[in-house]
Amino acid sequence: MSILLEDHVKLGNCNVFPHVKVGYRSYANETMIRSHTTIGRYCSIGRRCTLNAARHPTNWLSTHPFFCSIEENSYSKPYPEEEVTLQIGNDVWIGDNVVIMGGITIGDGAVIGAGAVVTKDVEPYQIVGGVPAKHIRYRFENEIVSKLLDMRWWQYREEFIVALPHDDIKAAIQMLQARIAVTAMDMVLPAHFRPFGTPQVLRSALSTAL
Ligand SMILES: CC(C)(COP(=O)(O)OP(=O)(O)OC[C@H]1O[C@@H](n2cnc3c(N)ncnc32)[C@H](O)[C@@H]1OP(=O)(O)O)[C@@H](O)C(=O)NCCC(=O)NCCS
47 MSILLEDHVK LGNCNVFPHV KVGYRSYANE TMIRSHTTIG RYCSIGRRCT
97 LNAARHPTNW LSTHPFFCSI EENSYSKPYP EEEVTLQIGN DVWIGDNVVI
147 MGGITIGDGA VIGAGAVVTK DVEPYQIVGG VPAKHIRYRF ENEIVSKLLD
197 MRWWQYREEF IVALPHDDIK AAIQMLQARI AVTAMDMVLP AHFRPFGTPQ
247 VLRSALSTAL
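Letter by letter, the sequence shown follows residues 47 to 256 of the numbering used here.
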């Protein structure tokens, strides 16, 4: 798998490594997205973030890549030995200057405050910040979070989710539930990833910064 993008993805001046998937309408600017990162739909990613930060061995002779990169030295041993993945859900907002380590999951609807270093899983609709990132609050009360996770609004076509009272979460949920009851099956936007670029580190300038 190379770089796979759904429609309307904008990666302004990002370094995107191979084995990355980005979902519908998600965007990032001046950000490094390392291999084995999956980003859901409608994610907003700030400037100068690192997603799935590289690991260097801390208990080997040296932390330098010369000893763990086959390209640099054929006697070296790969580190880490296995792929490290980063899963970012849907509708996730990541502030500027955030570093997210690999091997973790950022839940749907989560918010990562500017400047955070995220070392552990973030729950759906949780807001975290700081170094290392800690809980600040949840975006909504439990009952609302479960309804949002149940309906997964990002799975639908745009025309299904526009014209809602977006700034009134209870009314928006109510209207969505009513729509889902009638037409949901016809309105699902199937996953549609298209290959982008070459399987190398790639500087993309797909759009101007948002
Ligand atoms: C995380 C964030 C969303 C929180 O917003 P909020 O809910 O309005 O939070 P508040 O300002 O009410 O602060 C709540 C608490 O979190 C702390 N906090 C806020 N942002 C923080 C951050 N980035 N890191 C650590 N702590 C943070 C506040 O100091 C406050 O702590 P206290 O309760 O001990 O006083 C926001 O501060 C943020 O970082 N947004 C990203 C901005 C950005 O990068 N924009 C550009 C990219 S699109």
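In this text, a Cβ means the ideal position worked out from N, Cα and C, and glycines have one as well.
Check	Outcome
Is any heavy atom in ligand 1 found nearer than 6 Å to the beta carbon of A74?	no
Which full runs of the alpha helix (DSSP H) of 4+ residues lie inside the stretch 115 to 181, going along the chain?	none
Suppose contacts are defined by Cβ-Cβ distances below 7 Å. Is G135 in contact with G176 by that definition?	no
Quick one: Cα of L256 to Cα of N75, how far?	Any reading at L256 must be qualified, since the residue scores a pLDDT of 37, below 50, and its modelled position is unreliable; no value is offered.
How many angstroms separate the CA atom of A227 from the CA atom of I173?	31 Å
Which whole-angstrom value describes the C-beta separation of F112 and N105, a residue pair presumed to lie in contact below a C-beta threshold of 8 Å?	Contact doesn't hold; Cβ gap of about 16 Å is too wide.
Taking contact to mean 3 or more Cβ pairs, one atom from each stretch, closer than 8 Å, check whether the stretch 129 to 146 and the stretch 83 to 103 are in contact.	yes
Figure out for me which residue from I116, N188, I91 and S192 has the closest Cα to the Cα of V145.	I91
Take the Cβ of M147 as the centre, count every other Cβ of all protein chains shown within 10 Å, and call the residue buried at 16 or more, exposed below.	buried
Any heavy atom of ligand 1 inside 6 Å of the beta-carbon of A160?	yes
Is P64 helix, strand or coil by DSSP?	coil
Please report the distance separating the alpha-carbon of S81 from that of I152.	16 Å
Can you give me the Cβ contacts of S115 inside the same chain, cut-off strictly under 7 Å, excluding the 5 residues immediately before and after it?	S122
Buried or exposed, going by whether 16 or more other CB atoms sit within 10 Å of the CB of V208?	exposed
Would you check whether ligand 1 has a heavy atom nearer than 6 Å to the C-beta of G141?	yes
Tell me which same chain residues have a C-beta within less than 7 Å of the C-beta of V66, skipping the five on either side of it?	I49, I79, S81 and T83
Given the structure, does V157 come close to ligand 1, in the sense that its CB is under 6 Å from one of the ligand's heavy atoms?	yes
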